[in-house]
Amino acid sequence: MKIDARAVNATLQAPGALRAIILHGDDAGLIRERATTAAKAVCADLQDPFRVAILGREDHDRLEEETTALALTGGRRVVWLREAGDSLLAPLQHSLGLSSDTLIIMEAPGLASRSKLRAFAEKDRQCGVIGCYPEEGRTLEAAIRQMLSAQNVGIDPDALGWMVERAGPDRAATRSEVEKLALFAGAGGRLGMEDVRACIGDAAGVSLEDAAFAAMAGDRRTADAAAERALTTDGSSPVVLTRVLLSHIHRLRRARIAVDGGASRADAMRQLRPPVFFKRTDSFGQAMMIWSASALLRAAEDTQALELACKQTGSPDVVLCLRHIARLCAQAQQMRRRH
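Every letter in the sequence shown is one number past the one before it in my numbering, and letter 145, counting from 1, is 659.
Here is the structure:
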């Protein structure tokens, strides 16, 4: 059966009568994290060879054998399969028919909605099927806050917002950054904007921001150099670049609408959350006055279309991003000349 998003955490922490949990989706880091949570709910020590069996692709044929094996030390067993696919449908069906309380956990990244394994598991009451996709917006914000809270670390709202805007699509990478922040703050500590920027404001993130700010201000040379550095040297993905750019455009549009409504440029920037970093206020203010609200809306729509294009298999995503940056620069330069 499909597990509702609101019940995912409770299900993973207490699988109960479920005999199998199938984790699918695009976020491999989140799949691994959730598989670990479910496994630890049954056996806290994942190194226990009598209660935990982890099977790679080459060992999938041992599923039935491991499902019926007895735990010599007592307690429920876990059989954890990596790289699961439709070839496991028949073995899973047979294993579920055996007299056993073993919990079968399957990591199945990229499992299609038309998959026979997924179709069977979604209808079987003994199975729990959980989608694992990159978290965004408030969902990601809540996840980061929860991770920090587990380490007894607080975070200021503007610092959290800044981190969410720059988080990549992989949960494992996000958790790594959170652990770095928790170590920096220490138990009982609290993180501010400068703390977060100091810990995770790496070269890639700075390059992405440089590209976005320069493109919207019409600075072609800086935008091209920053985008190429982020994509080819720093290892950022084109999708992350589009998201940073889209976030910047949305913030520009909110500020521009405030100015059109009578607010001063400084007040419009101060109203944003998180506020514009003081070293970037000049570039932000310049772009805000160059672009109209309607032009920014079109730029946002074009950038959303770019993100979808970058996600297509085999697309020349880096080339598409660089071309988009150049187009935004040209538009900004044209609008600047009109002022």
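Beta carbons: idealized from backbone N, C-alpha and C, even for Gly.
query: Using a Cβ-Cβ cut-off of 6 Å (strictly less than) and excluding sequence neighbours within five positions of L595, which residues of its own chain qualify?; result: L569, M620
query: Considering only DSSP beta bridges, list what I855 is partnered with.; result: For the chain, the structure presents residues 515 to 853; residue 855 sits outside this window and is missing.
query: Between the alpha carbons of R856 and L584, how many angstroms are there, rounded?; result: Residue 856 lies beyond the range of the chain shown here (515 to 853); nothing can be said about it.
query: If S761 and A740 are in contact, beta carbons under 8 Å, what's the gap, nearest whole angstrom?; result: About 16 Å separates the two Cβ atoms, so there is no contact after all.
query: If you measure between the beta carbons of D616 and R533, is that distance less than 9 Å?; result: According to the sequence provided, residue 616 is Thr. The question's Asp does not apply to it. Closer than 9 Å, so yes.
query: Determine the direct distance from the alpha carbon of R711 to that of A717, and round the result to whole angstroms.; result: At A717 the pLDDT is 44, less than 50, meaning the model places this residue with poor confidence; the figure from the coordinates comes in the next sentence. Spanning the two alpha carbons is a distance of roughly 11 Å.
query: I'd like to know whether the C-beta atoms of R565 and R590 end up nearer to each other than 9 Å.; result: yes
query: Just to confirm my understanding: we take A699, look at its own chain, exclude 5 residues before and 5 after, and list those with CB closer than 6 Å. What are they?; result: V667, L705
query: Among the candidates A673, V753, H838, E578, whose CA atom is the shortest distance from the CA of S613?; result: E578
query: Identify the continuous alpha helix (DSSP H) that holds C835 and give its terminal residues.; result: 831 to 852
query: Beta-carbon within less than 6 Å of I618's beta-carbon, same chain only, minus the 5 sequence neighbours each way: which residues are those?; result: A534, V593
query: I want to see whether chain C comes within less than 9 Å of T587, judged by CB atoms only; does it?; result: Reference to chain C is not applicable here, since this structure consists of a single protein chain.
query: Mind checking which residues open and close the beta strand (DSSP E) that includes V643?; result: 641 to 645
query: Looking only at its own chain, which residues have a Cβ that is under 6 Å from the Cβ of L759, when we skip the five neighbours before and after it?; result: A726, T817
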